[in-house]
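Here the structure is laid out as structure tokens; the discussion comes afterwards.
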Amino acid sequence: MRGLAALILVSAFTACTTARIDVARHSKASIDADLGVVVLARQHDGGQDTEESFMDCVTGALSDGETPISLYPEQDFVDALFPWFEPRIAPTTPEALPALLNRPGVGEKIMDIGVRYLVWVDGNSERVDGGGGMSCAVGPGGGGCLGFVWWDTASDYEAVIWDLQGGESLGAVSADATGMSYVPALIVPLPLIARTQAAACRGLAEQLRGLLDGDDAL
Amino acid sequence: MHSPDRQGYGYRLLVFGAVASLGLGCTTTLHIDAAVPRPVVEALPLDVGVHYQDSFRDYEFDGEAADDESRWDIELGPAQVRLFDQLFETQFRSVTRVDDLHAILDPARMDMVLEPAIEEYSLRTPWGTGTDFYEVTIRYSLSYYSPGGELIARWPFEGHGRTRSSFFSNDESVEKATIAAMRDAATVLILELRDKPEVKGLLQVKRTRDGKLHKDVDS
Numbered sequence: 000m001r002g003l004a005a006l007i008l009v010s011a012f013t014a015c016t017t018a019r020i021d022v023a024r025h026s027k028a029s030i031d032a033d034l035g036v037v038v039l040a041r042q043h044d045g046g047q048d049t050e051e052s053f054m055d056c057v058t059g060a061l062s063d064g065e066t067p068i069s070l071y072p073e074q075d076f077v078d079a080l081f082p083w084f085e086p087r088i089a090p091t092t093p094e095a096l097p098a099l100l101n102r103p104g105v106g107e108k109i110m111d112i113g114v115r116y117l118v119w120v121d122g123n124s125e126r127v128d129g130g131g132g133m134s135c136a137v138g139p140g141g142g143g144c145l146g147f148v149w150w151d152t153a154s155d156y157e158a159v160i161w162d163l164q165g166g167e168s169l170g171a172v173s174a175d176a177t178g179m180s181y182v183p184a185l186i187v188p189l190p191l192i193a194r195t196q197a198a199a200c201r202g203l204a205e206q207l208r209g210l211l212d213g214d215d216a217l
Numbered sequence: 000m001h002s003p004d005r006q007g008y009g010y011r012l013l014v015f016g017a018v019a020s021l022g023l024g025c026t027t028t029l030h031i032d033a034a035v036p037r038p039v040v041e042a043l044p045l046d047v048g049v050h051y052q053d054s055f056r057d058y059e060f061d062g063e064a065a066d067d068e069s070r071w072d073i074e075l076g077p078a079q080v081r082l083f084d085q086l087f088e089t090q091f092r093s094v095t096r097v098d099d100l101h102a103i104l105d106p107a108r109m110d111m112v113l114e115p116a117i118e119e120y121s122l123r124t125p126w127g128t129g130t131d132f133y134e135v136t137i138r139y140s141l142s143y144y145s146p147g148g149e150l151i152a153r154w155p156f157e158g159h160g161r162t163r164s165s166f167f168s169n170d171e172s173v174e175k176a177t178i179a180a181m182r183d184a185a186t187v188l189i190l191e192l193r194d195k196p197e198v199k200g201l202l203q204v205k206r207t208r209d210g211k212l213h214k215d216v217d218s
């Protein structure tokens, strides 16, 4: 029984995922201890499409490790600069930054909170295909499931880094991951989940760190 | 065979419907308590009065979400008063509460009186939108009165907010979408109010008057 439980747990992590990461660098960063980074989710139509779980994954990956990056909390930044980063009027290109920074109080507020680099994250994960079926039943003698369900997931994300002081783009990273998940069931369902979101997060965060660290290898 | 998107949508509808049916006939009650952050704006050199009608102070949405039968009782009034207090205090040089709109106010001390109102609150759930999102729209109007109580203009504006649904926290999702709509409405007001012809006209009159005053003082 313990062996079966272990097999289920291991199987839950072994579906295949394919990830592709693209990086474009426009200029070199110079992070210092006094000037931080904020990671924001791009919002559309008054709401956020990028999952909070993905944002937590990216910010967690950037602020961990041997050289953690100092991150300013997203909601604190948006609140401190209200309303200039609300979905309706947040700048969509780095060319819009000079006009924003010239608004009364905005440039000073950004200097006060000590943020130099702004990372916009956009995208989401969605189920693009699927099929199969499963039936489960419970009776006095026990219960179980029989069937097979599968689905394809595509995780497409993009991140762009802006230098708030220079009013220019530092670079961009895109992460696309696809995978097929399966749940065969013979009495007990055996989930084999393709963790496309996690793969996209790892790839994106690694390249963002490289851009922010001014990594010459990129 | 149905497309994967429709299958996923159908599954979500089934689950949402199952959860919603557990509360069939029940009303979800919400009290919106959040505050909107202090805007980073430059105050206009105007002294304004603000009047809140009881219907605004006590505003409550008591009805069904659009396109589904879920019932909601959402108390919005107190949060709206805080919202507009915050907005007006940062947008204008001084703000005074006015209890009686038709009391004659000294135009030397007050340039205009503003009165916000909520025209409509509407809510759409994932059941109605066919997506994973709750969507809220709040339609407002802002009336501009002279210090003597004469209606000069009425400006409609609205805020939209949406939030991804959370499986067992429908009320939290509606609250977040409502707050997003309030923030959006505040953004519209901040952007558009100072460009209204009536406000620009008032500023021009003040500049001219202040210019004459300085000339009189100097001579």
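Chains as they are written, first to last, in numbering that gives the first Met the number 0: chain A, 0 to 217; chain B, 0 to 218. Each residue gets a CB set at the ideal place from its N, CA and C atoms; glycine is no exception. Bear in mind the structure is a predicted one, so any value in this text is a computation, not a measurement.
Could you check the C-alpha separation between residue i and residue j for me, to the nearest Å?
{"i": "residue 116 of chain A", "j": "residue 107 of chain B", "result": "47 angstroms"}
{"i": "residue 121 of chain B", "j": "residue 130 of chain B", "result": "17 angstroms"}
{"i": "residue 22 of chain B", "j": "residue 129 of chain A", "result": "Its pLDDT being 49, under 50, residue 22 of chain B is placed unreliably in this model, and the coordinates cannot settle the point."}
{"i": "residue 199 of chain B", "j": "residue 98 of chain B", "result": "26 angstroms"}
{"i": "residue 56 of chain B", "j": "residue 122 of chain A", "result": "39 angstroms"}
{"i": "residue 204 of chain A", "j": "residue 178 of chain A", "result": "19 angstroms"}
{"i": "residue 6 of chain B", "j": "residue 160 of chain B", "result": "The pLDDT assigned to residue 6 of chain B is 48, lower than 50, so where the model puts this residue is not dependable; a value taken from the coordinates is nonetheless given after this. Spanning the two alpha carbons is a distance of roughly 27 angstroms."}
{"i": "residue 59 of chain B", "j": "residue 127 of chain A", "result": "40 angstroms"}
{"i": "residue 60 of chain A", "j": "residue 49 of chain A", "result": "17 angstroms"}
{"i": "residue 42 of chain A", "j": "residue 86 of chain A", "result": "5 angstroms"}
{"i": "residue 106 of chain A", "j": "residue 171 of chain A", "result": "24 angstroms"}
{"i": "residue 76 of chain A", "j": "residue 45 of chain B", "result": "29 angstroms"}
{"i": "residue 67 of chain B", "j": "residue 194 of chain B", "result": "39 angstroms"}
{"i": "residue 211 of chain A", "j": "residue 56 of chain A", "result": "17 angstroms"}
{"i": "residue 196 of chain B", "j": "residue 25 of chain A", "result": "43 angstroms"}
On the CB-based measure, 16 or more other CB atoms within 10 Å of its CB, does residue i come out buried or exposed?
{"i": "residue 80 of chain A", "result": "buried"}
{"i": "residue 151 of chain B", "result": "exposed"}
{"i": "residue 221 of chain A", "result": "The structure shown does not extend to residue 221 of chain A, since chain A is modelled only from 0 to 217, so the question has no answer here."}
{"i": "residue 134 of chain B", "result": "buried"}
{"i": "residue 58 of chain A", "result": "buried"}
{"i": "residue 158 of chain B", "result": "buried"}
{"i": "residue 207 of chain A", "result": "buried"}
{"i": "residue 133 of chain A", "result": "exposed"}
{"i": "residue 101 of chain A", "result": "exposed"}
{"i": "residue 111 of chain A", "result": "exposed"}
{"i": "residue 137 of chain A", "result": "exposed"}
{"i": "residue 38 of chain A", "result": "buried"}
{"i": "residue 53 of chain B", "result": "exposed"}
Does the beta carbon of residue i sit closer than 9 angstroms to a beta carbon anywhere in chain A?
{"i": "residue 112 of chain B", "result": "no"}
{"i": "residue 88 of chain B", "result": "no"}
{"i": "residue 163 of chain B", "result": "yes"}
{"i": "residue 41 of chain B", "result": "yes"}
{"i": "residue 186 of chain B", "result": "yes"}
{"i": "residue 105 of chain B", "result": "no"}
Which residues in chain A have a C-beta closer than 8 angstroms to the C-beta of residue i? List them in chain order.
{"i": "residue 189 of chain B", "result": "82"}
{"i": "residue 183 of chain B", "result": "45, 85, 86, 87"}
{"i": "residue 38 of chain B", "result": "81, 82"}
Just the chain B side, please: which residues come within less than 9 angstroms of residue i by C-beta, in chain order?
{"i": "residue 113 of chain A", "result": "Here the premise fails: no neighbours, minimum Cβ distance about 16 angstroms."}
Taking residue i as the query, report the chain B residues whose CB atoms sit under 7 angstroms from its CB, ordered along the chain.
{"i": "residue 219 of chain A", "result": "This structure cannot speak to residue 219 of chain A, because chain A is shown only from 0 to 217."}
Strictly under 9 angstroms for the Cβ-Cβ distance: is residue i near chain B by that measure?
{"i": "residue 201 of chain A", "result": "no"}
{"i": "residue 16 of chain A", "result": "no"}
{"i": "residue 166 of chain A", "result": "no"}
{"i": "residue 105 of chain A", "result": "yes"}
{"i": "residue 102 of chain A", "result": "yes"}
{"i": "residue 48 of chain A", "result": "yes"}
{"i": "residue 51 of chain A", "result": "yes"}
Pick from the options: whose alpha carbon is nearest that of residue i?
{"i": "residue 164 of chain A", "options": "A:28, A:209, A:155, A:210", "result": "A:28"}
{"i": "residue 94 of chain B", "options": "B:85, B:100, B:101, B:73", "result": "B:85"}
{"i": "residue 136 of chain B", "options": "B:105, B:118, B:145", "result": "B:118"}
{"i": "residue 138 of chain B", "options": "B:29, B:196, B:154", "result": "B:154"}
{"i": "residue 20 of chain A", "options": "A:155, A:66, A:151", "result": "A:155"}
{"i": "residue 16 of chain A", "options": "A:211, A:213, A:198", "result": "A:198"}
{"i": "residue 127 of chain B", "options": "B:64, B:197, B:180", "result": "B:64"}
{"i": "residue 201 of chain A", "options": "A:40, A:185, A:64, A:134", "result": "A:64"}
{"i": "residue 162 of chain A", "options": "A:75, A:55, A:90, A:52", "result": "A:90"}
{"i": "residue 173 of chain B", "options": "B:52, B:73, B:35, B:116", "result": "B:73"}
{"i": "residue 42 of chain B", "options": "A:104, A:212, A:25, A:55", "result": "A:104"}
{"i": "residue 147 of chain A", "options": "A:185, A:175, A:157", "result": "A:185"}
{"i": "residue 168 of chain B", "options": "B:192, B:105, B:205, B:124", "result": "B:124"}
{"i": "residue 105 of chain B", "options": "B:82, B:91, B:146", "result": "B:146"}
{"i": "residue 118 of chain A", "options": "A:150, A:189, A:72, A:139", "result": "A:72"}
{"i": "residue 178 of chain B", "options": "B:79, B:70, B:48, B:27", "result": "B:79"}
{"i": "residue 113 of chain A", "options": "A:153, A:70, A:169, A:145", "result": "A:70"}
{"i": "residue 186 of chain B", "options": "B:35, B:88, B:71", "result": "B:35"}
Does residue i come within less than 9 angstroms of chain C when only Cβ atoms are used?
{"i": "residue 212 of chain A", "result": "In the structure shown, chain C does not exist; the protein chains are A and B."}
Residue i versus chain B: which residues are under 8 angstroms apart at the beta carbon?
{"i": "residue 78 of chain A", "result": "36"}
{"i": "residue 108 of chain A", "result": "39"}
Regarding residue i and the ligand HEM, is the C-beta to nearest heavy atom distance less than 8 angstroms?
{"i": "residue 25 of chain B", "result": "With respect to small molecules bound, the structure shown includes none, and the ligand HEM cannot be examined in it."}
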